[in-house]
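See structure below.
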Amino acid sequence: MGKILRLVLDVLKPHNPSIIQLAGELSELTGVEAVNISIYEVDQRVENAKVTLEGTNLNYDEVLRTIGENGGAVHSIDEVVSGRMIIEDAATPQDALS
Amino acid sequence: MRSFRHEVERLREYEDVVDISEIARRLFAMNSFDGILTILGVLVGNYLAEVRVPQVIIVTGLATSVSMGVSGLWGAYLTESAERQKSLDDLGELTLTDLTNTRIGRASRAAVVIVALVDGMAPLLASVLVLMPFFLAGALGDITYSYYLALAIAMVGLFGLGMFLGRISRQSTLLAGLKMIVAGVVAVVLSYLIESAIPG
Chain A
8 MGKILRLVLD VLKPHNPSII QLAGELSELT GVEAVNISIY EVDQRVENAK
58 VTLEGTNLNY DEVLRTIGEN GGAVHSIDEV VSGRMIIEDA ATPQDALS
Chain B
331 MRSFRHEVER LREYEDVVDI SEIARRLFAM NSFDGILTIL GVLVGNYLAE
381 VRVPQVIIVT GLATSVSMGV SGLWGAYLTE SAERQKSLDD LGELTLTDLT
431 NTRIGRASRA AVVIVALVDG MAPLLASVLV LMPFFLAGAL GDITYSYYLA
481 LAIAMVGLFG LGMFLGRISR QSTLLAGLKM IVAGVVAVVL SYLIESAIPG
């Protein structure tokens, strides 16, 4: 199976542990080169985070376990890039309509 | 040593996840206050009832202290675990996950134990401290000195507690200490009034 180079996840998590802690732990996983977490919605006790990971060989199970350990739940996998290089999604004529 | 440092590190991590120190601090102050005032009441009662045997005072005092300790430990454990479990379940419902075996779950359980220990130990230690002069009654000579010394320790303890709270709230530590002493004086005066109201 090809190596996962990028993962973009939609995560719902409690305010604590903070995204600083979560990003730190995710960045320590094997195969992870960089982590970006941004909050796009905040509720009273939980927040929605977009978690972007890039690396040489991301292990999805480990990522899932680390997020779960910090009380988060992955709502959806919004983007995956796998193979030998990172490519962006190709432009289509329909994009102009959205 | 390494494992101790590891434990401290873990506790700090738990503190980041769930609030432990604030509630522990509150309960420490509240229950130390309870402990000192209760034992002060026991001592004033013994003094007015003309108890002059140190062993009797020590036994009644220690029994009261231990009961307060057990009460604090049990009460805090049951209430804290119920509250924290509810909070964890509510949070789990929001994230649609079972948080029991996550860091938050473990931190919540650790918080229950720490808070219960503080709640139990604070009144126990505070009241044993006030009782100290009766353990030294032989060396002090007249037991009246033990009573006076215990009263002085209680007042200093109350003042110290007030200062502690004053420092937390960043208000005048002297004023906060004096407010606490007023409570001690009120307790002593009320005990005297009760004694004079009961015909004997």
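Protein chains in written order, with this note's numbering: chain A, 8 to 105; chain B, 331 to 530. Think of the CB as a built atom: it goes at the ideal place given N, C-alpha and C, for glycine as much as any other residue. In this text, all values refer to a predicted model and were calculated from it rather than measured experimentally.
Out of the options, which one is the CA nearest neighbour of residue i?
| i | options | result |
| --- | --- | --- |
| Met7(A) | Leu65(A), Ala80(A) and Asp96(A) | Any answer about residue 7(A) is impossible in this case: the structure gives chain A only from 8 up to 105. |
| Ala482(B) | Phe464(B), Phe494(B) and Asp419(B) | Phe464(B) |
| Met510(B) | Gly487(B), Arg500(B) and Tyr377(B) | Gly487(B) |
| Ser351(B) | Asp428(B), Ala437(B) and Thr409(B) | Ala437(B) |
| Leu408(B) | Leu461(B), Val443(B) and Phe489(B) | Val443(B) |
| Glu32(A) | Glu54(A), Asp50(A) and Leu71(A) | Leu71(A) |
| Ile26(A) | Ile11(A), Gly79(A) and Leu36(A) | Gly79(A) |
| Val374(B) | Leu418(B), Gly492(B), Phe358(B) and Ala484(B) | Ala484(B) |
| Arg382(B) | Gly496(B), Tyr478(B), Asp419(B) and Ala513(B) | Tyr478(B) |
| Phe363(B) | Glu345(B), Ser457(B) and Val396(B) | Ser457(B) |
| Ser83(A) | Ala97(A), Ala56(A), Ser45(A) and Gln28(A) | Ala56(A) |
| Gly62(A) | Gly90(A), Glu54(A) and Val39(A) | Val39(A) |
| Ile369(B) | Leu455(B), Phe489(B), Ser502(B) and Gln501(B) | Leu455(B) |
| Val15(A) | Glu35(A), Ile74(A), Thr59(A) and Asn23(A) | Thr59(A) |
| Leu29(A) | Ile353(B), Arg355(B) and Glu343(B) | Glu343(B) |
| Glu35(A) | Glu54(A), Glu69(A) and Ile11(A) | Glu69(A) |
| Glu76(A) | Gly422(B), Met360(B), Ile498(B) and Gly405(B) | Gly422(B) |
| Val396(B) | Tyr377(B), Asn361(B) and Thr427(B) | Asn361(B) |
| Glu54(A) | Ile94(A), Val81(A), Thr37(A) and Ile11(A) | Val81(A) |
Can you say whether residue i is buried or exposed, counting buried as having 16 or more other CB atoms within 10 angstroms of its CB?
| i | result |
| --- | --- |
| Tyr47(A) | exposed |
| Ala103(A) | exposed |
| Glu380(B) | exposed |
| Ser476(B) | buried |
| Val310(B) | Here chain B comprises residues numbered 331 to 530, so residue 310(B) is not present and cannot be evaluated. |
| Tyr334(B) | A small fix is needed here, since residue 334(B) is Phe in this sequence, not Tyr. Counting Cβ neighbours within 10 Å, Phe334(B) comes out exposed, since fewer than 16 surround it. |
| Asn43(A) | exposed |
| Pro100(A) | exposed |
| Gly471(B) | exposed |
| Asn431(B) | exposed |
| Glu339(B) | exposed |
| Leu523(B) | exposed |
| Thr425(B) | buried |
| Leu367(B) | buried |
| Gly391(B) | buried |
| Arg414(B) | buried |
| Val460(B) | buried |
| Ala41(A) | exposed |
| Gly402(B) | buried |
| Val18(A) | buried |
| Pro21(A) | buried |
| Thr394(B) | buried |
| Leu495(B) | buried |
Between which two residues does the beta strand (DSSP E) holding residue i run?
| i | result |
| --- | --- |
| Ser499(B) | Premise fails: Ser499(B) is in no beta strand (DSSP E) and is neither H nor E. |
| Ile388(B) | Per DSSP, Ile388(B) belongs to no beta strand (DSSP E); it is in the alpha helix (DSSP H), Pro384 to Thr425. |
| Asn66(A) | Asn66(A) -> no beta strand (DSSP E), and no H or E assigned at all. |
| Ala98(A) | Looking at the DSSP string, Ala98(A) is not in any beta strand (DSSP E), and its letter there is neither H nor E. |
| Asp27(A) | The sequence as given places Ile at residue 27(A); Asp does not occur at that position. Note, Ile27(A): premise wrong, no beta strand (DSSP E); alpha helix (DSSP H) at Ile26 to Ser34. |
| Gly428(B) | Looking at the sequence shown, residue 428(B) is not Gly but Asp. No beta strand (DSSP E) contains Asp428(B), which DSSP labels as neither H nor E. |
| Ser89(A) | Ala80 to Ser89 |
| Val348(B) | Element bounds for Val348(B): n/a, residue is neither H nor E. |
| Asn43(A) | Val39 to Val49 |
Taking the alpha helix (DSSP H) that residue i belongs to, which residues open and close that run?
| i | result |
| --- | --- |
| Leu14(A) | Segment Ile11 to Pro21 is the beta strand (DSSP E) holding Leu14(A); no alpha helix (DSSP H) there. |
| Ser438(B) | Arg433 to Phe465 |
| Ala379(B) | Taken as a continuous stretch (DSSP letters only), Ala379(B) belongs to no alpha helix (DSSP H), as it is neither H nor E. |
Hey, residue i and residue j are a contact pair by Cβ (cut 8 angstroms); roughly how many whole angstroms apart?
| i | j | result |
| --- | --- | --- |
| Gly450(B) | Val400(B) | 7 angstroms |
| Val348(B) | Ile434(B) | 7 angstroms |
| Ala467(B) | Pro384(B) | 4 angstroms |
| Leu429(B) | Leu447(B) | Rounded, the Cβ-Cβ distance is 23 angstroms, inconsistent with contact. |
| Glu525(B) | Leu378(B) | 4 angstroms |
Residue i versus chain B: which residues are under 8 angstroms apart at the beta carbon?
| i | result |
| --- | --- |
| Arg72(A) | None at all; the shortest Cβ gap to chain B is about 10 angstroms. |
| Val58(A) | By Cβ distance, chain B contributes nothing, its closest Cβ being about 14 angstroms from Val58(A), past 8 angstroms. |
| Gly75(A) | Thr427 and Thr432 |
Under 9 angstroms Cβ-Cβ, which residues of chain A neighbour residue i?
| i | result |
| --- | --- |
| Asp346(B) | Asn23, Pro24, Ser25 and Gln28 |
| Ile524(B) | Near Ile524(B) there are no residues of chain A at all, since even the closest Cβ is about 49 angstroms away, more than 9 angstroms. |
| Leu421(B) | Pro21, Arg52, Val53 and Gly78 |
List the residues of chain B whose Cβ lies closer than 7 angstroms to the Cβ of residue i, in chain order.
| i | result |
| --- | --- |
| Leu19(A) | Thr425 |
| Val49(A) | Neighbours of Val49(A) on chain B: none; closest Cβ ~13 angstroms, over 7 angstroms. |
For residue i, decide whether its Cβ has a neighbour in chain D, counting only Cβ atoms nearer than 9 angstroms.
| i | result |
| --- | --- |
| Gly31(A) | Judged by its chain identifiers, the structure shown contains no chain D, and its protein chains are A and B. |
List the residues of chain A whose Cβ lies closer than 7 angstroms to the Cβ of residue i, in chain order.
| i | result |
| --- | --- |
| Thr430(B) | Simply none; closest approach about 11 angstroms. |
| Ile434(B) | Pro21 and Gly78 |
Beta carbon of residue i: closer than 8 angstroms to some heavy atom of the ligand ATP?
| i | result |
| --- | --- |
| Gln101(A) | Among the ligands in the structure shown, none appear at all, so the ligand ATP cannot be discussed. |
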